[in-house]
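Notes follow once the structure below has been shown.
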Amino acid sequence: MPKRSIVPFGPQHPVLPEPIHLDLVLEDEKVIEAIPSIGYVHRGLESLVTKKDFNEMVYVTERICGICSFMHGMGYSMAVEKIMNVEVPRRAEYLRTIWAEMSRIHSHLLWLGLLADAFGFESLFMQSWRLREKILDMFEISTGGRVIFSVNKIGGVLKDMPADMLNQFVSILNDMEKDLRATTKVFLEDYTVKSRLVGVGILTKEDAIRRGAVGPMMRASGIEVDMRKTGYAAYNDIDFELITSKECDSYGRCCVRIDEIFQSIEIIRQAVKKIPDTELSATVKGFPNGEAFVRLEQPRGEAFYYVRANGSKFLDRMRVRTPTFANLPALTQTLQGCQFADVPLLILTIDPCISCTER
Amino acid sequence: MEELQKDIYKIEKVELLPVIMEKKNDYWRLLQICCAFADGKYEVTYSFASGYEIANYRLVVEKDEEVPSISRVYKAAIFYENEMKELFGLNVEHMKVDLQNKLYRIDAEVPFMKEEDK
Chain A
1 MPKRSIVPFG PQHPVLPEPI HLDLVLEDEK VIEAIPSIGY VHRGLESLVT
51 KKDFNEMVYV TERICGICSF MHGMGYSMAV EKIMNVEVPR RAEYLRTIWA
101 EMSRIHSHLL WLGLLADAFG FESLFMQSWR LREKILDMFE ISTGGRVIFS
151 VNKIGGVLKD MPADMLNQFV SILNDMEKDL RATTKVFLED YTVKSRLVGV
201 GILTKEDAIR RGAVGPMMRA SGIEVDMRKT GYAAYNDIDF ELITSKECDS
251 YGRCCVRIDE IFQSIEIIRQ AVKKIPDTEL SATVKGFPNG EAFVRLEQPR
301 GEAFYYVRAN GSKFLDRMRV RTPTFANLPA LTQTLQGCQF ADVPLLILTI
351 DPCISCTER
Chain B
1001 MEELQKDIYK IEKVELLPVI MEKKNDYWRL LQICCAFADG KYEVTYSFAS
1051 GYEIANYRLV VEKDEEVPSI SRVYKAAIFY ENEMKELFGL NVEHMKVDLQ
1101 NKLYRIDAEV PFMKEEDK
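So the protein lines, in turn, are chains A and B.
For the first sequence, our numbering begins at 1 and goes up steadily by one.
For the second sequence, our numbering begins at 1001 and goes up steadily by one.
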């Protein structure tokens, strides 16, 4: 009978960008069970709704995460707009779509870099982050910020992107696409990279449903769900295909994210072509009263926002269910039966964001 | 079961597990569980999704009343239930894994409850 041992993994580990702890029950080198624990960066941002004006909360929700900060502000704004029946001008919807897709490209490139770093491919890591830098520059040009953008508001957006800026961005993305093809080809075709990804961390379609997985993690298990297809913001005007994979392994998750980068570029191109010339925000009068939930597709997967208002400037409750929170049970499933050496890589394949998870 | 608004149904405690089992057998995934405290009562909302379809079930319980755990049916509920217990002090009975208020390791007891409601 193999000897059982428990190995603590994290919260400080070279592969972890953020703190999470796992107790790994091992039989020799094989993981039998993984028990995750979080709680190192909890801030209690949700409870601030009872102390901060509902308009100011847009900027608080942006601070839930440093990667998908724009989408957190957008999700919260959409929920309050739903309660107040605010019709957001179409230009603002298009601008939100463009910034959201830029966030997706930069998040996926960040993930690809971290993945390359996890299996020791340093030059690939640097190439991925070099490309990501261009997206951050685009954010800086359009919003003034590289991490926190503060362009969302209840009723629309605060900043515009003029036509010449949008065309400049499309041209940058067109140039970037060639470099992206070359870089992502290594992830998809290199023998050593594939040997670390193919067949590792299997999550079947049934397990993905049972464990409540979301986003690329779910789509790589063959489930066809992408919240953008529900048509929020300007996605109802954009023509795009749902990206899935039937591999159910780490390689499948990598393929889905890579394809989504190119898809996001195409979505931005379409949005720039179709963007109408309207106001940037609607007038919002009074205070919200009622409750609403909104689902949107963040880079890491479906996020859920619930807002309950009482007719005053302070809300009763705000709930954000982030994608990583939903993907943690799926992570424990993929870790069961894997080799100890694959653990860092498997944690990365859910694209964990712990500050999102703990809020 | 009473429809409060579109896609939100109010259920009684005895209806919870049959509803959860039905969702599981129909391959719905657990989207989230949200706890709120209003008018001296807990409101626990269970959200499920199948494709793009969504269904929310709301359970309203008294402050000192226990809520049955669904974590033995949906393992994904473990974190949600521990979160509700730690942040709001909701009594969830028969949890598959009880982290003993150590999910977020917060010093304050039931930090999401207002002082007057504690």
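All C-beta atoms in this analysis are idealised placements derived from N, C-alpha and C, irrespective of residue type, glycine included.
In this text, all values refer to a predicted model and were calculated from it rather than measured experimentally.
Separation of residue j from residue i, as counted between CA atoms
{"i": "Glu1066 (chain B)", "j": "Gln1005 (chain B)", "result": "25 Å"}
{"i": "Phe314 (chain A)", "j": "Ile238 (chain A)", "result": "36 Å"}
{"i": "Glu46 (chain A)", "j": "Lys1114 (chain B)", "result": "13 Å"}
{"i": "Asp175 (chain A)", "j": "His108 (chain A)", "result": "18 Å"}
{"i": "Asn55 (chain A)", "j": "Gly73 (chain A)", "result": "11 Å"}
{"i": "Val1110 (chain B)", "j": "Asn1091 (chain B)", "result": "12 Å"}
{"i": "Glu1086 (chain B)", "j": "Val198 (chain A)", "result": "39 Å"}
{"i": "Asp1117 (chain B)", "j": "Lys194 (chain A)", "result": "55 Å"}
{"i": "Ile265 (chain A)", "j": "Leu1103 (chain B)", "result": "39 Å"}
{"i": "Gly51 (chain A)", "j": "Glu1015 (chain B)", "result": "What sits at residue 51 (chain A) in the sequence shown is Lys, not Gly. Between Lys51 (chain A) and Glu1015 (chain B), the C-alpha separation is close to 36 Å."}
{"i": "Val200 (chain A)", "j": "Ile347 (chain A)", "result": "12 Å"}
{"i": "Arg295 (chain A)", "j": "Pro36 (chain A)", "result": "26 Å"}
{"i": "Met78 (chain A)", "j": "Phe121 (chain A)", "result": "40 Å"}
{"i": "Ser1069 (chain B)", "j": "Asn310 (chain A)", "result": "29 Å"}
{"i": "Met218 (chain A)", "j": "Tyr1009 (chain B)", "result": "27 Å"}
{"i": "Tyr191 (chain A)", "j": "Asp351 (chain A)", "result": "22 Å"}
{"i": "Ala1055 (chain B)", "j": "Glu1022 (chain B)", "result": "12 Å"}
{"i": "Ile1020 (chain B)", "j": "Gln333 (chain A)", "result": "21 Å"}
{"i": "Arg90 (chain A)", "j": "Glu297 (chain A)", "result": "19 Å"}
{"i": "Ile1179 (chain B)", "j": "Gln270 (chain A)", "result": "Missing from the structure shown is residue 1179 (chain B); chain B here goes from 1001 to 1118 and no further."}
{"i": "Trp99 (chain A)", "j": "Asp23 (chain A)", "result": "38 Å"}
{"i": "Ser171 (chain A)", "j": "Met138 (chain A)", "result": "11 Å"}
{"i": "Arg130 (chain A)", "j": "Pro276 (chain A)", "result": "32 Å"}
{"i": "Thr322 (chain A)", "j": "Met227 (chain A)", "result": "14 Å"}
{"i": "Phe240 (chain A)", "j": "Val80 (chain A)", "result": "28 Å"}
Residue i vs residue j beta-carbon contact at 8 Å
{"i": "Gly1040 (chain B)", "j": "Val225 (chain A)", "result": "no"}
{"i": "Glu140 (chain A)", "j": "Ile268 (chain A)", "result": "no"}
{"i": "Thr61 (chain A)", "j": "Tyr76 (chain A)", "result": "yes"}
{"i": "Val49 (chain A)", "j": "Glu18 (chain A)", "result": "no"}
{"i": "Val307 (chain A)", "j": "Arg359 (chain A)", "result": "no"}
{"i": "Ile135 (chain A)", "j": "Ile105 (chain A)", "result": "yes"}
{"i": "Gly337 (chain A)", "j": "Val31 (chain A)", "result": "yes"}
{"i": "Cys65 (chain A)", "j": "Cys356 (chain A)", "result": "yes"}
{"i": "Phe1037 (chain B)", "j": "Phe1088 (chain B)", "result": "yes"}
{"i": "Val272 (chain A)", "j": "Leu203 (chain A)", "result": "no"}
{"i": "Leu345 (chain A)", "j": "Arg196 (chain A)", "result": "yes"}
{"i": "Val1044 (chain B)", "j": "Leu1030 (chain B)", "result": "no"}
{"i": "Ala163 (chain A)", "j": "Val15 (chain A)", "result": "no"}
{"i": "Tyr1042 (chain B)", "j": "Lys1013 (chain B)", "result": "no"}
Candidates the options: closest to residue i by CA position
{"i": "Tyr1027 (chain B)", "options": "A:Arg308, A:Ala341 and A:Ala208", "result": "A:Ala208"}
{"i": "Val7 (chain A)", "options": "A:Met217, A:Val343 and A:Glu358", "result": "A:Val343"}
{"i": "Lys326 (chain A)", "options": "B:Leu1017, B:Lys1102 and B:Phe1079", "result": "According to the sequence displayed, residue 326 (chain A) carries Ala and not Lys. Nearest of B:Leu1017, B:Lys1102 and B:Phe1079 to Ala326 (chain A), Cα basis: B:Phe1079."}
{"i": "Met318 (chain A)", "options": "A:Ala292, A:Trp111, A:Leu335 and A:Gly337", "result": "A:Ala292"}
{"i": "Phe304 (chain A)", "options": "A:Arg210, A:Arg63, A:Cys255 and A:Thr324", "result": "A:Thr324"}
{"i": "Phe187 (chain A)", "options": "A:Glu133, A:Arg257, A:Gly201 and A:Gly215", "result": "A:Arg257"}
{"i": "Phe340 (chain A)", "options": "A:Pro14, A:Val25, A:His21 and A:Pro11", "result": "A:Val25"}
{"i": "Arg211 (chain A)", "options": "B:Ile1008, B:Ala1036 and B:Lys1024", "result": "B:Lys1024"}
{"i": "Gly215 (chain A)", "options": "A:Ser150, A:Thr334, A:Gly145 and A:Arg253", "result": "A:Arg253"}
{"i": "Ile20 (chain A)", "options": "A:Arg4, A:Ala34 and A:Ile38", "result": "A:Ile38"}
{"i": "Met1084 (chain B)", "options": "B:Gln1100, B:Ile1011 and B:Glu1053", "result": "B:Gln1100"}
{"i": "Cys353 (chain A)", "options": "A:Thr184, A:Met161 and A:Leu110", "result": "A:Leu110"}
{"i": "Val86 (chain A)", "options": "A:Ala182, A:Glu302, A:Gly301 and A:Lys285", "result": "A:Lys285"}
Own chain partners of residue i with C-beta closer than 7 Å, once the 5 adjacent residues on each side are dropped
{"i": "Ala116 (chain A)", "result": "Leu124, Phe125 and Ser128"}
{"i": "Ser103 (chain A)", "result": "Cys68, Phe70, Met71 and Pro299"}
{"i": "Ala92 (chain A)", "result": "Gly156, Val157, Leu280 and Ser281"}
{"i": "Val58 (chain A)", "result": "Gly73, Tyr76, Ser77, Asn152, Lys153 and Ile154"}
{"i": "Phe1112 (chain B)", "result": "Leu1087 and Phe1088"}
{"i": "Asp1007 (chain B)", "result": "Ile1054, Ala1055 and Asn1056"}
{"i": "Pro11 (chain A)", "result": "Pro19, Ile20, His21 and Tyr40"}
Cβ shell of residue i (< 6 Å), same chain only, five flanking positions each side left out
{"i": "Tyr1046 (chain B)", "result": "Ile1033 and Tyr1057"}
{"i": "Ala213 (chain A)", "result": "Asn327 and Ala330"}
{"i": "Met84 (chain A)", "result": "Pro288"}
{"i": "Pro2 (chain A)", "result": "Glu27 and Asp28"}
{"i": "Asp259 (chain A)", "result": "Ile243"}
{"i": "Ser250 (chain A)", "result": "Leu197, Val200, Gly201 and Thr349"}
{"i": "Leu112 (chain A)", "result": "Ser128"}
Cutoff 8 Å; reference residue i; Cβ partners in own chain excluding five residues on either side
{"i": "Lys205 (chain A)", "result": "Ser221, Gly222, Ile223 and Cys248"}
{"i": "Ser1071 (chain B)", "result": "Ala1077, Ile1078, Glu1081, Met1095, Lys1096 and Val1097"}
{"i": "Glu177 (chain A)", "result": "Phe262 and Ile265"}
{"i": "Lys229 (chain A)", "result": "Tyr235 and Leu242"}
{"i": "Gly44 (chain A)", "result": "Arg359"}
{"i": "Glu1093 (chain B)", "result": "Glu1066, Val1067, Pro1068 and Ser1069"}
Using Cβ-Cβ distances below 8 Å, what residues of the segment 1060-1079 of chain B are close to chain A?
Tyr1074, Lys1075, Ala1076, Ile1078 and Phe1079
Using a Cβ-Cβ cutoff of 9 Å, what residues of the segment 325-352 of chain A are near chain B? List them in chain order.
Phe325, Ala326, Leu328, Pro329, Ala330, Thr332 and Gln333
Given a limit of 7 Å on CB to CB distance, which residues of the segment 1021-1040 of chain B reach chain A?
Tyr1027, Arg1029, Leu1030, Leu1031, Gln1032, Cys1034, Ala1036 and Ala1038
Where the segment 1090-1107 of chain B meets chain A: residues whose CB sits under 9 Å from a CB there
Val1097, Leu1099, Lys1102, Leu1103, Tyr1104, Arg1105 and Ile1106
Any residues in the segment 300-319 of chain A with a beta carbon nearer than 7 Å to a beta carbon of chain B? Which ones, in chain order?
Phe304, Tyr306, Arg308, Asp316, Arg317 and Arg319
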